[in-house]
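The opening residue of the sequence shown carries number 580 in the numbering used here; numbering runs sequentially from there. Just so you know, even glycine gets a beta-carbon here, dropped at the ideal spot from N, CA and C. Just so it is clear, the structure is predicted and the values come from calculations on it, not from any experiment. Comments concern the structure below.
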Amino acid sequence: MTVNMGQISSNRFHSSGEDANPVPFDIHLQDCSTAVSQRVGVSFRGVADGKNPEVLSVGEGPGIATGVGIALFDKDNQLIPLNSPPGAWTRLYSGPTTLHFVAKYRATGKQVTGGAANAQIWFSLTYQ
């Protein structure tokens with residue numbers, strides 16, 4: 580799955596911790612059975628930003644943006660901690676279930692400089 584974050588001006592950010600450019604994305608589950616599990620939780624794993632461990636790193640080097648990372652939020656706009664067990668659970672339904680999330684750029688420093696801001700993340704599902 581690819582989530583296209585689009586382009587945003589680096590001067591959109593004025594302080595560390597500021598979010599911009601929310602992009603919704605979904606994880607679609609098929610053929611769910613509530614006979615075994617009634618809830619599902621999602622954990623996200625990836626390389627955290629060096630200044631903020633709750634934000635995905637966009638990398639380092641020539642042509643890479645600085646002072647910014649990518650933060651993930653649940654359907655209630657609550658920040659999802661990286662590299663942690665599921666913190667929220669979603670009720671499963673027989674058949675398809677859709678999990679809703681939002682990715683946002685987040686300033687990790689006082690100054691954001693322009694460049695590529697790409698990240699990779701892996702997700703795992705835990706059923707209860």
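For residue i and residue j, which I take to be in contact (beta-carbon distance under 8 angstroms), what is that distance rounded to the nearest angstrom?
i, j, result
"residue 685", "residue 637", "Actually they are not in contact, since the Cβ atoms of residue 685 and residue 637 sit about 10 angstroms apart, beyond 8 angstroms."
"residue 617", "residue 699", "Residue 617 to residue 699, Cβ: 31 angstroms. No contact."
Return the CA-CA distance between residue i and residue j, expressed in angstroms with no decimal places.
i, j, result
"residue 703", "residue 623", "7 angstroms"
"residue 592", "residue 690", "8 angstroms"
"residue 584", "residue 651", "12 angstroms"
"residue 615", "residue 632", "34 angstroms"
"residue 602", "residue 582", "8 angstroms"
"residue 644", "residue 588", "11 angstroms"
"residue 664", "residue 613", "22 angstroms"
"residue 657", "residue 642", "31 angstroms"
"residue 697", "residue 621", "21 angstroms"
"residue 653", "residue 639", "27 angstroms"
"residue 662", "residue 580", "19 angstroms"
"residue 659", "residue 675", "23 angstroms"
Return yes when the Cβ of residue j is within less than 8 angstroms of the Cβ of residue i, no when it is not.
i, j, result
"residue 668", "residue 619", "yes"
"residue 599", "residue 649", "no"
"residue 687", "residue 630", "yes"
"residue 774", "residue 607", "Since the first and last residues shown for the chain are 580 and 707, residue 774 lies out of range."
"residue 605", "residue 679", "yes"
Quick check on the burial criterion: 16 or more other C-beta atoms within 10 angstroms. Buried or exposed for residue i?
i, result
"residue 655", "exposed"
"residue 695", "exposed"
- Query: Can we say the region 661-675 touches the region 584-602, given the rule of at least three CB pairs closer than 8 angstroms?
  - Reply: No: fewer than three Cβ pairs fall under 8 angstroms.
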